[in-house]
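Novice: Attaching a single structure in structure tokens format; questions to follow.
Protein chains in written order, with the UniProt record's numbering: chain A, 1 to 249; chain B, 1 to 589.
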């Protein structure tokens with residue numbers, strides 16, 4: 001058979017309590033295919049490479065253009081988005097595994113709600129008075145917009161947390177994404193009003209002090225957020241706040 | 001004092017979140033249901049911007065002009081009262097988003113920057129790079145998270161809407177939904193529900209839409225008696241990148257910032273695009289539409305590309321593709337204004353669009369039609385409201401670029417207070433309001449599906465649906481082919497009875513959820529196809545070569561489909577369009 005094929009191995013687990021196993025697949029190759037289209041092909045033809053009938057792969061996905069943040073997984077051991085993982089650029093067999101630091105749901109699907117909880121803790125919002133018409137907001141110079149916009153492109157994929165050696169149960173570290181969002185709102189003229197509360201939320205155990213400066217986060221981020229810069233900016237602010245606190249309490 | 005009304009919002013995109021914010025702000029209690037975590041909703045995919053006649057460029061732009069452009073762009077099919085309301089509210093909505101912290105691009109004076117978009121001659125589109133939808137969704141998501149932390153909003157993420165709970169008078173009393181992990185079916189009581197469940201791209205197989213945009217929720221309530229309006233109006237975006245898994249949008253903002261569409265004049269010109277001299281390029285949009293050029297509305301641009309490719313036979317390398325060229329614009333400007341979409345092209349195609357013209361082709365993009373709603377955003381079923389792409393109110397026969405984000409937020413801002421007002425006046429329900437019966441009906445459907453011993457793979461049925469819909473019910477429509485499409489859908493519905501789930505487990509069974517959606521897609525596809533067959537004219541995105549002109553006498557009407565349960569198929573009625581402000585005139589760009 002001269003037809004080109006793609007070899008994929010997927011770590012599967014039918015529920016959080018069951019034990020994992022690997023399934024091997026061999027699929028027809030199509031130009032431009034990505035890891036998502038490979039899994040769509042498996043859903044339409046759910047048979048393993050040795051012809052055994054199986055079930056479609058459970059995985060998180062939505063936009064398929066790397067903006068919704070859903071389809072993060074380990075691809076050949078690397079935390080990244082499955083939609084932008086083009087098959088022709090990957091070594092085969094392509095190995096797919098779920099992110100390892102989040103509760104497993106099924107197969108490649110994991111529960112990343114911890115990030116959304118962290119965003120509540122740092123009050124990652126501008127506390128507007130209300131939605132009624134109050135006219136335009138404050139003028140913001142392009143330089144400020146250009147600082148904030150890259151931070152605002154975080155897609156909550158959690159790759160930065162997956163690759164962080166400090167992000168684990170013993171430290172309780174919030175992770176880079178949350179710190180970057182705190183910085184995003186600390187830089188907004190009205191969002192600033194909650195800056196002190198945000199900095200307090202990032203003090204102490206699990207806060208910014210847990211960062212070990214491994215810099216894995218900034219390398220893994222699919223959107224190239226300036227995560228290490230955000231961490232160092234917030235780190236400085238937390239320190240200044242701690243000094244202030246010492247003199248005012 | 002009576003208890004605060006309880007409202008359920010289904011869908012956590014811009015329209016749903018806007019509704020939630022308004023309800024929570026007014027003191028109401030909201031349960032918010034979404035298949036995906038709301039921050040991952042399809043609104044994130046919107047790229048180019050949001051329209052509002054702020055007139056910050058000294059052009060004399062007005063909300064009246066925005067209103068006129070929108071009605072004219074929609075070929076006079078939209079009811080004018082809601083569109084007028086939207087255009088007048090738009091500048092205030094931009095101000096609010098600005099106050100919420102959306103990082104809109106700025107002018108040197110620190111004011112909002114605006115760019116041009118299709119179907120207008122004004123700089124009316126505010127933008128945050130080329131990821132405006134993402135930025136707006138996040139801003140609303142953050143406000144909802146704030147209300148959530150105050151206990152005013154309860155999120156049910158990872159739940160799918162199955163149906164409305166209707167009492168014996170056919171009044172909505174809540175929803176029936178399924179937990180996508182445990183697969184548990186439950187009913188939730190509410191005084192009013194808002195469906196903000198987006199578009200129906202999945203019916204066309206591959207589209208620019210996200211995976212969740214199946215139209216399943218709209219179809220479910222259509223099958224329960226709600227009217228579905230203007231289903232035949234489907235927007236095919238002129239510039240998308242064809243892919244194996246989906247079509248990826250290449251924003252109209254690329255043309256708004258000066259991008260030019262062209263093909264080599266000579267068929268089979270083998271030279272690299274950049275080396276082809278100006279004289280050997282055909283900028284067909286600029287030639288055919290000198291006033292609007294590359295920024296004609298999407299339906300017009302899409303048909304032009306089709307014509308160049310299929311009638312003139314001038315697609316690049318004989319393939320269905322044309323160039324979208326940004327290479328004459330300096331890198332710094334491109335990065336500042338369009339980075340998000342350039343990155344998409346780079347990552348998925350492998351070429352740098354700053355250096356090499358992009359290869360693009362039209363792709364199914366937007367659903368102008370949707371659930372029929374009145375000017376208060378309520379469907380014909382009391383207590384079921386709809387907002388955003390799921391309903392039909394704002395775009396007529398063709399949506400202008402950058403009007404979707406404003407229609408979502410405006411629709412949400414209208415529906416929140418209106419649903420609250422309705423809920424406050426609602427008499428108490430008798431018994432359980434029909435909840436137990438509905439739950440039983442859904443559980444039986446599930447039980448039947450999971451144990452069905454057939455041979456058909458649901459994903460293959462879906463591929464066939466998508467192929468036939470894309471081929472026959474998108475850009476160019478012939479009655480004969482549409483009729484064959486409807487027959488094909490009937491065949492697929494028949495084969496659906498014989499569907500077999502390879503996964504019969506009851507934990508996070510994604511193919512089970514998909515197979516349920518597929519049934520609703522099939523039913524709704526018939527509304528789209530038959531609606532198209534019945535409309536023997538050409539208007540906006542709906543184009544029939546056999547009926548090339550707009551026919552106001554017979555078809556200046558809203559199509560209203562309703563489901564006939566006994567016949568198991570749609571029936572159609574028509575309703576006059578509200579044209580009280582702007583007299584219909586020929587649409588010539």
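Glycine included, every Cβ here is placed at the ideal spot set by N, Cα and C.
Quick one: give me the first and last residue of the alpha helix (DSSP H) that residue 237/A is part of.
Specialist: Taking the first residue of the first chain as position 1, residue 237/A is located at position 237. Element bounds for residue 237/A: 227-248.
Novice: Apart from the five residues on each side of it in sequence, which residues of its chain come closer than 8 Å, Cβ to Cβ, to residue 237/A?
Specialist: Taking the first residue of the first chain as 1, we reach residue 237/A at position 237. The residues are 186, 195, 199.
Novice: Buried or exposed for residue 240/A, going by 16 or more other Cβ atoms inside 10 Å?
Specialist: Counted from its first residue, the first chain places residue 240/A at position 240. The residue is exposed, with fewer than 16 neighbouring Cβ atoms inside 10 Å.
Novice: Identify the contact partners of residue 36/A in chain B, using a Cβ-Cβ distance below 8 Å as the criterion.
Specialist: What you label residue 36/A is simply residue 36 of the first chain in a count that begins at 1. Result: 245.
Novice: So, residue 578/B versus residue 80/B, is the Cβ gap smaller than 9 Å?
Specialist: Locating residue 578/B in the second chain gives position 578, counting from the first residue. Locating residue 80/B in the second chain gives position 80, counting from the first residue. In contact: residue 578/B and residue 80/B (Cβ atoms closer than 9 Å).
Novice: Kindly list, in the order they appear in chain A, the residues whose Cβ is closer than 7 Å to that of residue 44/B.
Specialist: Position 44 of the second chain holds residue 44/B. Result: 63, 67, 68.
Novice: Under the three-state reduction of DSSP, which class applies to residue 139/A: helix, strand or coil?
Specialist: What you label residue 139/A is simply residue 139 of the first chain in a count that begins at 1. Coil.
Novice: Report the option in 74/B, 509/B, 524/B, 52/B whose CA atom is closest to the CA atom of residue 397/B.
Specialist: Position 397 of the second chain holds residue 397/B. Answer by Cα proximity: 74/B.
Novice: Compile a chain-ordered list of the residues in the stretch 14-27 of chain B whose CB is closer than 7 Å to at least one CB of chain A.
Specialist: 21, 22, 25
Novice: Taking 6 Å as the limit between beta carbons, can you name the residues of its chain near residue 588/B, skipping five residues before and five after?
Specialist: Translated into the one-based positions of the second chain, residue 588/B becomes position 588. Closer than 6 Å at Cβ, skipping near neighbours: no residue.
Novice: Excluding the 5 residues flanking residue 420/B on each side, which residues of the same chain have their C-beta closer than 7 Å to its C-beta?
Specialist: As a first step, residue 420/B is located in the second chain; it is residue number 420 there, counting from the start. Only 5, 7, 23, 26, 28 meet the Cβ criterion.
Novice: Got a sec: is the Cβ-Cβ distance from residue 372/B to anything in chain A below 9 Å?
Specialist: In the second chain, residue 372/B corresponds to position 372, counting from 1. Under the Cβ distance rule, residue 372/B does not count among the residues neighbouring chain A, no pair being separated by less than 9 Å.
Novice: For residue 182/A, I'd like the list of residues in its chain whose CB is within less than 7 Å of its CB, leaving aside the five on either flank, ordered along the chain.
Specialist: Residue numbering aside, residue 182/A sits at position 182 when the first chain is read from its first letter. Counting only Cβ-Cβ distances below 7 Å, and skipping sequence neighbours, we find 122, 124, 198, 202, 234.
Novice: Go ahead and pull the three-state DSSP assignment for residue 86/B.
Specialist: Looking up residue 86/B in the second chain gives position 86. In the structure shown, residue 86/B sits in a helix (DSSP, three-state: H, G or I).
Novice: Measure from the C-beta of residue 98/A to each C-beta in chain B and report whether the shortest distance is under 9 Å.
Specialist: To locate residue 98/A, count along the first chain from 1; it is residue 98. No - not a single Cβ of chain B is within 9 Å of the one on residue 98/A.
Novice: Would you mind telling me which residues of chain A sit closer than 7 Å to residue 36/B, beta carbon to beta carbon, in chain order?
Specialist: Taking the first residue of the second chain as 1, we reach residue 36/B at position 36. Ordered by position in chain A, the residues that pass the 7 Å Cβ test against residue 36/B are 62, 70.
Novice: Look at the alpha carbon of residue 119/A and the alpha carbon of residue 554/B, and state the distance between them as a whole number of angstroms.
Specialist: To locate residue 119/A, count along the first chain from 1; it is residue 119. To locate residue 554/B, count along the second chain from 1; it is residue 554. Straight-line Cα distance between these residues: approximately 55 Å.
Novice: Start and end of the beta strand (DSSP E) containing residue 407/B?
Specialist: Residue mapping note: residue 407/B aligns to position 407 of the second chain, counting from 1. Segment 404-425 is the alpha helix (DSSP H) holding residue 407/B; no beta strand (DSSP E) there.
Novice: Looking at residue 160/B: is its Cβ nearer than 9 Å to the Cβ of residue 35/B?
Specialist: Within the second chain, numbered from 1, the residue matching residue 160/B stands at position 160. Within the second chain, numbered from 1, the residue matching residue 35/B stands at position 35. Taking 9 Å as the Cβ cut-off, residue 160/B and residue 35/B qualify as a contacting pair.
Novice: Excluding sequence positions up to five away, which residues of its chain have a Cβ less than 6 Å from the Cβ of residue 134/B?
Specialist: One-based indexing of the second chain puts residue 134/B at position 134. These residues qualify, in order along the chain: 44.
Novice: Out of 259/B, 443/B, 218/B, which has the shortest C-alpha to C-alpha gap to residue 330/B?
Specialist: Residue 330/B sits at position 330 when you count from the first residue of the second chain. Nearest option by C-alpha distance: 259/B.
Novice: Output needed for residue 236/B: all residues of its chain with C-beta closer than 8 Å, excluding positions within five of it in sequence on either side, in chain order.
Specialist: Translated into the one-based positions of the second chain, residue 236/B becomes position 236. Excluding sequence neighbours, residue 236/B sits near 298, 299, 302, 362, 363, 364, 365, 474, 475, 541.
Novice: Output needed for residue 20/A: all residues of its chain with C-beta closer than 7 Å, excluding positions within five of it in sequence on either side, in chain order.
Specialist: Counted from its first residue, the first chain places residue 20/A at position 20. Once the five neighbours on either side are set aside, the close Cβ partners of residue 20/A are 11, 12, 13.
Novice: Reducing DSSP to helix, strand and coil, say where residue 160/A ends up.
Specialist: Numbered from its first residue, the first chain carries residue 160/A at position 160. Here residue 160/A sits in helix by DSSP.
Novice: How big is the Cα-Cα spacing for residue 9/A and residue 159/A?
Specialist: Indexing the first chain from 1 puts residue 9/A at position 9. Indexing the first chain from 1 puts residue 159/A at position 159. Their Cα atoms are separated by approximately 21 Å.
Novice: By DSSP, does residue 462/B sit in helix, in strand, or in coil?
Specialist: By one-based count along the second chain, residue 462/B stands at place 462. Correct three-state label for residue 462/B: helix.
Novice: How is residue 368/B classed by DSSP in three states: helix, strand or coil?
Specialist: As a position in the second chain, residue 368/B is number 368, starting the count at 1. In the structure shown, residue 368/B sits in coil (DSSP, three-state: anything other than H, G, I, E or B).
Novice: Which runs of the beta strand (DSSP E) fall wholly inside the stretch 492-556 of chain B and span at least 3 residues, in chain order?
Specialist: none
Novice: Kindly indicate if chain A contains any beta-carbon less than 9 Å away from that of residue 100/B.
Specialist: Residue numbering aside, residue 100/B sits at position 100 when the second chain is read from its first letter. With 9 Å as the cut-off, residue 100/B counts as an interface residue toward chain A.
Novice: Shortest alpha-carbon distance to residue 432/B belongs to which of 498/B, 65/B, 168/B?
Specialist: As a working note, residue 432/B is residue 432 in the second chain. When only C-alpha atoms are compared, the closest one is 168/B.
Novice: Give a yes or no on whether 9 Å exceeds the smallest Cβ distance from residue 92/B to chain A.
Specialist: In the second chain, the residue the question calls residue 92/B occupies position 92. Judged by the 9 Å Cβ criterion, residue 92/B is in contact with chain A.
Novice: Could you name the residues of chain B that residue 56/A contacts, counting a contact when the two beta carbons are closer than 8 Å?
Specialist: Locating residue 56/A in the first chain gives position 56, where the first residue counts as 1. The contacting residues are 459, 502, 503, 510, 511.
Novice: Does the stretch 127-142 of chain A touch the stretch 94-101 of chain B, meaning 3 or more C-beta pairs lie closer than 8 Å?
Specialist: yes
Novice: State yes or no: is the beta carbon of residue 133/A nearer than 9 Å to at least one beta carbon in chain B?
Specialist: For this step, residue 133/A is matched to residue 133 along the first chain. At a cut-off of 9 Å, the C-beta of residue 133/A has a neighbouring C-beta in chain B.
Novice: Please confirm if residue 46/A has its CB atom under 9 Å from at least one CB of chain B.
Specialist: What you label residue 46/A is simply residue 46 of the first chain in a count that begins at 1. Chain B contact via Cβ: present.
Novice: What residues in its chain sit with their C-beta under 8 Å from that of residue 598/B, if we drop five residues either side in the sequence?
Specialist: Outside the displayed span of chain B (1 to 589) sits residue 598/B, for which this structure offers no information.
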